[in-house]
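Trainee: Input: one structure, supplied below.
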Amino acid sequence: MTTTSTLRELTGDYVLDPAGSRIGFVARALLVSRVRGTFGAFEGGGRLDGADPSRSAVRLAIRAGSVGTGNDKRDDHLRGGDFLDADVHPSLTFTSTRVERAGATGFRVTGDLTVRGVTRPVTVDVELTGAGNDPRGAFRVGFTGRAVIDRDDWGVSGGRGMVGRKVALELDIAAIRQP
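See the structure below:
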């Protein structure tokens, strides 16, 4: 996937495959270690235009209550009012506003991230990792993405002194082209 003509073959409408995707995060804890977590419930899709990435668009909705770090007490705290406030704000959403090519298989996807009812712009660096037909004949694409945000910008200010402000968002995405 290194030429524009190859990218053109990827053009189409896609639906996120939750079984083949991972949405995670990493944050500093106690200034020494890192806490890694994932969201287990999400959906999304988009339009990929390989000939003109600026005409591409993506959307993603994540269930805040699906956060998991492998520690039940910490997960309950993350779902609560100090962090995601999942009962009041059940979804985190991302809607792209601009897609730009960044190298042979890279893209910069800028969009509006909404967390706890606060919407702010975020740019995600995305890399195409593969494309092709699966054993059932469905055409799939894979991407990885990463962005670093300051959680205070969205009012996620719990855990002062225990959790760092910077959070790295990590995406491993598989999407299926729709007929």
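The sequence shown runs 1 to 179 under our numbering. C-beta atoms are modelled at their ideal positions from N, C-alpha and C, and glycine is treated no differently.
Does DSSP classify D152 as helix, strand or coil?
Mentor: D152: helix per DSSP, three-state reduction.
Trainee: Among all the DSSP beta bridges, which residues are the ones paired with V88?
Mentor: Beta-bridge pairing links V88 to no other residue.
Trainee: Within the segment 72–151, note down every full alpha helix (DSSP H) run reaching 4 residues or more, in order along the chain.
Mentor: As far as the segment 72–151 is concerned, its whole alpha helix (DSSP H) runs of at least 4 residues are 72–79.
Trainee: Check for me: the alpha helix (DSSP H) holding S6 runs from which residue to which?
Mentor: The amino acid occupying residue 6 in the given sequence is Thr; Ser does not appear at that position. Residues T4 to R8.
Trainee: For A131, tell me which candidate among G142, G137 and G12 has the shortest Cα-Cα distance.
Mentor: Of the candidates G142, G137 and G12, the one whose C-alpha sits nearest the C-alpha of A131 is G142.
Trainee: Thinking C-alpha only, which one of D52, G37 and N71 is nearest R98?
Mentor: The shortest C-alpha separation from R98 is found at D52.
Trainee: Pairing CB atoms from the segment 55–68 with CB atoms from the segment 27–45, are three or more of them under 8 Å?
Mentor: The answer is yes - the segment 27–45 touches the segment 55–68, with three or more Cβ pairs under 8 Å.
Trainee: In angstroms with no decimal places, state the Cα-to-Cα distance between N133 and V35.
Mentor: Approximately 35 Å between the Cα atoms of the pair.
Trainee: Rounded C-beta distance between L92 and T123? I'm assuming under 8 Å.
Mentor: L92 to T123, Cβ: 17 Å. No contact.
Trainee: According to DSSP, is A27 part of a helix, a strand, or is it coil?
Mentor: Residue state, collapsed to three classes: strand.
Trainee: For F83, collect the residues of the same chain with a Cβ closer than 6 Å to its Cβ; drop the 5 residues on either side in sequence, then sort them by chain order.
Mentor: The answer, listed in chain order, is V156 and G158.
Trainee: How would you call G103, buried or exposed, if buried means at least 16 neighbouring beta carbons within 10 angstroms?
Mentor: When all chains shown are included, G103 counts as exposed.
Trainee: Quickly, what does DSSP pair S184 with across the bridge? List them, please.
Mentor: Not covered by the structure: residue 184. The range shown for the chain is 1 to 179.
Trainee: Just to confirm before moving on: does the CB-CB distance between F139 and G12 stay below 9 Å?
Mentor: Result yes, Cβ atoms of F139 and G12 sit closer than 9 Å.
Trainee: Just checking R63 against the ligand COA - is the residue's beta carbon closer than 8 Å to any of the ligand's heavy atoms?
Mentor: The ligand COA is absent from the structure shown, which contains no ligand whatsoever.
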